[in-house]
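Worksheet: one structure, shown below.
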Amino acid sequence: MHRFHRFIRMLNPVAFAVMLTFNALAVWLPLNDRTTGELSDRHPVLITPAGYAFAIWSVIYALLAGFVVYQLSPAGRSRPSAARIGPWFAVSCLLNAAWIVVWHYEFVAASGGVMLALLLALIVVYRRVRSRRGTPTAGERWLVRLPFSLYLGWISIAAIVNFAVVIDDAGWRGFRLAGSPWAYMLLALAAALALTALRSNGDGTYALVFAWAFAAIAVKQADHPAIAAASGTAALLLAIASLAALPRLRHRSPN
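Residue numbers for the sequence shown follow numbering that gives the first Met the number 0, beginning at 0 and rising by one.
Structure follows, in structure tokens:
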């Protein structure tokens, strides 16, 4: 078992580097001569957020880099939280890279399947990170729990948008029509996910990501007042609830 954990600790930086490389290539080349934004604009579904929202990736990747370093450190090796994740972080990294490829080469239906697999992998990580009882150390709080709350929150939003895009690509245009109830149903689903996490886990970070996304949807969909108003209201309410639920650092810990 110790050898397995050691192998996983060494695998995680490699998988993380693969993920970063493919994401960088998607921007610098870009892959298939298409930027992610250009591809997104081909499917103008009404729950697409404004481009600035994707800046959250820089925060997510920085925190995940912190996790990779932490799980290699003596402090991280001495705690069970990182080991409990097992191979699932590496799996999520490879799925992230795979999504970049299938999306940029316009295998839209396949992108939905890969996104779903990524979401499920991160749910496994999240549940394992959150399964430990007791007060987490500072290292666990900031470099294990926080990164995966943010990451899962954003991928939850991305999966919902990706689902709408897959349906749109198949020829059904219900998610483009302002008068259609379908976009509102997906917004309601997203809000329900955020509130469920708040209620069951007290995870204000996860829900705050939804507030960020809803605000960006309101900005992007300014030409559709009803969608913008619904998204903006949800963003405000979720932000208030999320900030109220964020854990307070009452005790300092050595790790």
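Ideal Cβ positions, reconstructed from N, Cα and C, are used throughout, including at glycine.
**Prompt:** Beta carbon of Ala210: closer than 7 Å to some heavy atom of the ligand SAH?
**Reply:** Because no ligand of any kind appears in the structure shown, any question about the ligand SAH cannot be addressed here.
**Prompt:** Under the rule that 16 or more other beta-carbon atoms within 10 Å means buried, what is Phe3, buried or exposed?
**Reply:** Locating residue 3 in the sequence shown gives position 4, where the first residue counts as 1. Taking a 10 Å sphere around the C-beta of Phe3, we find fewer than 16 other C-beta atoms and assign the residue as exposed.
**Item:** Length of the line joining the Cα atoms of Val208 and Arg41
**Value:** Walking along the sequence shown from the start, residue 208 turns up at place 209. Walking along the sequence shown from the start, residue 41 turns up at place 42. For the pair Val208 and Arg41, the Cα-to-Cα distance works out to about 25 Å.
**Message:** Out of Glu37, Val113, Leu151 and Val128, which one is the CA nearest neighbour of Trp56?
**Reply:** Here the question's residue 56 lines up with position 57 in the sequence shown. Trp56 has its Cα closest to that of Leu151, out of Glu37, Val113, Leu151 and Val128.
**Message:** Considering Cα atoms alone, identify which of Leu115, Trp98, Phe162 and Trp211 is closest to Leu242.
**Reply:** Reading the sequence shown from its first residue, position 243 is the one you call residue 242. Cα-wise, what sits closest to Leu242 is Trp211.
**Message:** Taking 8 Å as the threshold (C-beta atoms), are Asp167 and Val13 in contact?
**Reply:** Position 14 of the sequence shown, counting from 1, holds the residue named residue 13. Position 168 of the sequence shown, counting from 1, holds the residue named residue 167. Contact flag unset, no.
**Request:** Starting from Trp56, follow the alpha helix (DSSP H) in both directions and report where the run begins and ends.
**Result:** Here the question's residue 56 lines up with position 57 in the sequence shown. Secondary structure note for Trp56: its alpha helix (DSSP H) is the uninterrupted segment Ile55 to Leu71.
**Prompt:** In terms of residue numbering, what span does the alpha helix (DSSP H) encompassing Glu37 cover?
**Reply:** Your numbering for residue 37 matches position 38 in the sequence shown. Taken as a continuous stretch (DSSP letters only), the alpha helix (DSSP H) holding Glu37 covers Thr35 to Asp40.
**Item:** Alpha-carbon spacing of Leu115 relative to Arg76, whole angstroms
**Value:** Here residue 115 corresponds to residue number 116 of the sequence shown, with the count starting at 1. Here residue 76 corresponds to residue number 77 of the sequence shown, with the count starting at 1. Straight-line Cα distance between these residues: approximately 30 Å.
**Request:** Hey, could you find the ends of the alpha helix (DSSP H) Tyr150 is sitting in?
**Result:** Sequence index remark: in the sequence shown, residue 150 carries index 151 (1-based). Note, Tyr150: alpha helix (DSSP H), Leu145 to Asp168.
**Asked** Within this structure, are the beta carbons of Val128 and Val107 separated by less than 8 Å?
**Response** Within the sequence shown, the letter at position 129 stands for residue 128. Within the sequence shown, the letter at position 108 stands for residue 107. Contact check for Val128 against Val107 fails: the beta carbons are separated by 8 Å or more.
**Prompt:** Whose C-alpha, out of Gly36, Leu93 and Leu118, is nearest the C-alpha of Ser53?
**Reply:** One-based indexing of the sequence shown puts residue 53 at position 54. Correcting the residue type first, residue 53 is Phe in the shown sequence and not Ser. Closest by alpha carbon: Gly36.
**Message:** Please classify Glu139 as buried or exposed, where buried requires at least 16 neighbouring CB atoms within 10 angstroms.
**Reply:** Taking the first residue of the sequence shown as position 1, residue 139 is located at position 140. That one is buried.
**Request:** Give the secondary structure of Arg249 by DSSP, where H, G and I count as helix, E and B as strand, and everything else as coil.
**Result:** Here residue 249 refers to the residue found at position 250 of the sequence shown. For Arg249, the predicted model reports a pLDDT of 41, less than 50, meaning its position is unreliable; a value from the coordinates is still stated below. In the structure shown, Arg249 falls within a coil segment according to DSSP collapsed to helix, strand and coil.
**Asked** Secondary structure at His4, three-state DSSP: helix, strand or coil?
**Response** On the sequence shown, residue 4 is found 5 positions in, with the first residue counted as 1. In this structure, His4 counts as helix in the three-state DSSP scheme.
**Asked** So which of Asn161, Val67 and Ala82 has the shortest CA-CA distance to Met18?
**Response** Taking the first residue of the sequence shown as 1, we reach residue 18 at position 19. The shortest Cα separation from Met18 among Asn161, Val67 and Ala82 belongs to Val67.
**Item:** Pairwise C-alpha distance: Tyr205 and Ile84
**Value:** Taking the first residue of the sequence shown as 1, we reach residue 84 at position 85. Taking the first residue of the sequence shown as 1, we reach residue 205 at position 206. In this structure, the CA atom of Ile84 is about 18 Å from the CA atom of Tyr205.
**Asked** Comparing alpha-carbon positions, which option in Val218, Ile99 and Ser230 lies nearest Ala189?
**Response** The residue labelled residue 189 in the question sits at position 190 within the sequence shown. Of the listed residues, the one whose Cα sits closest to Ala189 is Ser230.
**Prompt:** For Arg249, is the classification buried or exposed, using 16 other Cβ atoms within 10 angstroms of its Cβ as the cut-off for buried?
**Reply:** Your numbering for residue 249 matches position 250 in the sequence shown. The pLDDT assigned to Arg249 is 41, lower than 50, so where the model puts this residue is not dependable, and the model offers no usable value.
**Asked** From this set, Gly50, Tyr51, Tyr104 and Phe15, which residue's C-alpha is nearest Ala61's C-alpha?
**Response** What you label residue 61 is simply residue 62 of the sequence shown in a count that begins at 1. Residue Phe15 holds the alpha-carbon nearest to the alpha-carbon of Ala61 among Gly50, Tyr51, Tyr104 and Phe15.
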